[in-house]
Amino acid sequence: AVCNSNPTPCKDPPDKLFTVHGLWPSTKVGRDPEYCKTKRYRKIQRLEPQLEIIWPNVTDRTANRGFWRKQWYKHGSCASPALPNQEHYFETVIRMFLGEKQNVSRILSKATIEPEGKNRTLLEIQNAIRAGTNNMIPKLKCQKVNGV
549 AVCNSNPTPC KDPPDKLFTV HGLWPSTKVG RDPEYCKTKR YRKIQRLEPQ LEIIWPNVTD
609 RTANRGFWRK QWYKHGSCAS PALPNQEHYF ETVIRMFLGE KQNVSRILSK ATIEPEGKNR
669 TLLEIQNAIR AGTNNMIPKL KCQKVNGV
């Protein structure tokens, strides 16, 4: 989705897997919170090897750290008290990606939805995620590009 809606060409992962774009705290109604007060960003070196695979900056693979820092300040800083600090935030992203119930890449792959550039309906994606997560309803945001 990011690649289809961004003027900067993406650098697809070599093994063509779905990657994380973000972990955003949300409210049931209204806008999602952004840029909450937080402590200064620290490098998360021990988590970086995993984050480089599952949460890369797809528009500039040399700028992952800056991308993660931006994600932390914009979204992760608002995840407290559930995720009280930066390390919990990034560890949660990794656990969700690798875990059986939240591994959206695996869930979509089981439903034969692969990152191959095919258009899919919102309902197809929702149904696949619901089938793989014990009927949990995903919160998805779609972006229109040239009316599509």
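Number 674 in the working numbering belongs to position 126 of the sequence shown; there are no gaps in the numbering. Where a beta carbon is used, it is the ideal one built from N, C-alpha and C, also for glycine. In this text the structure is predicted, and so the values were computed from the model without any measurement.
Proximity winner among the options, relative to residue i (alpha-carbon distances)
i      : options                           : result
Arg594 : Glu662, Leu671 and Glu639         : Glu639
Asn633 : Phe566, Gly578, Val568 and Thr586 : Thr586
Glu635 : Ile677, Asn682 and Gln619         : Gln619
Tyr637 : Thr567, Phe566, Leu571 and Cys558 : Leu571
Cβ-based neighbour list, residue i, same chain, cut-off 7 angstroms, excluding 5 preceding and 5 following
i      : result
Phe615 : Asn605
Pro573 : Asp580, Pro581, His623, Cys626 and Ala627
Lys687 : Ser574
Glu600 : Asn612
For residue j and residue i, believed in contact at Cβ under 8 angstroms, the rounded distance
i      : j      : result
His676 : Ile661 : First, the residue type needs correcting, since residue 676 is Ala and not His in the sequence shown. Between Ile661 and Ala676 the Cβ distance is about 6 angstroms, and since that is below 8 angstroms, they are a contact.
Arg602 : Thr567 : Sequence check: residue 602 is Ile here, not Arg. Between Thr567 and Ile602 the Cβ distance is about 6 angstroms, and since that is below 8 angstroms, they are a contact.
Thr607 : Cys558 : 6 angstroms
Tyr583 : Arg617 : No, Tyr583 and Arg617 are not in contact; Cβ-Cβ is about 13 angstroms, not under 8 angstroms.
Cutoff 6 angstroms; reference residue i; Cβ partners in own chain excluding five residues on either side
i      : result
Gln650 : Met644
Ala659 : Ala676
Gln598 : Ile642
Glu672 : none
Glu596 : none
8 angstroms Cβ shell around residue i - same chain, five flanking residues per side excluded
i      : result
Ile655 : Ala676, Ile677, Ala679, Gly680 and Thr681
Arg668 : Ile661
Pro685 : For clarity, residue 685 is Ile in the given sequence; the question names Pro instead. Excluding residues within five positions, the ones whose Cβ falls inside 8 angstroms are Gln674 and Arg678.
Within-7 angstroms CB hit, residue i to chain B
i      : result
Trp572 : Looking at the structure shown, chain B is missing, and only one protein chain is on hand.
**OP:** Can you check the stretch 589-654 for any alpha helix (DSSP H) of at least 4 residues that lies completely inside it and give the ranges in chain order?
**Re:** 596-602, 612-622 and 634-646
Original post:
If you scan the stretch 657-691 from start to end, which runs of the alpha helix (DSSP H) of 4 or more residues do you find wholly inside it?
Top reply: 670-680
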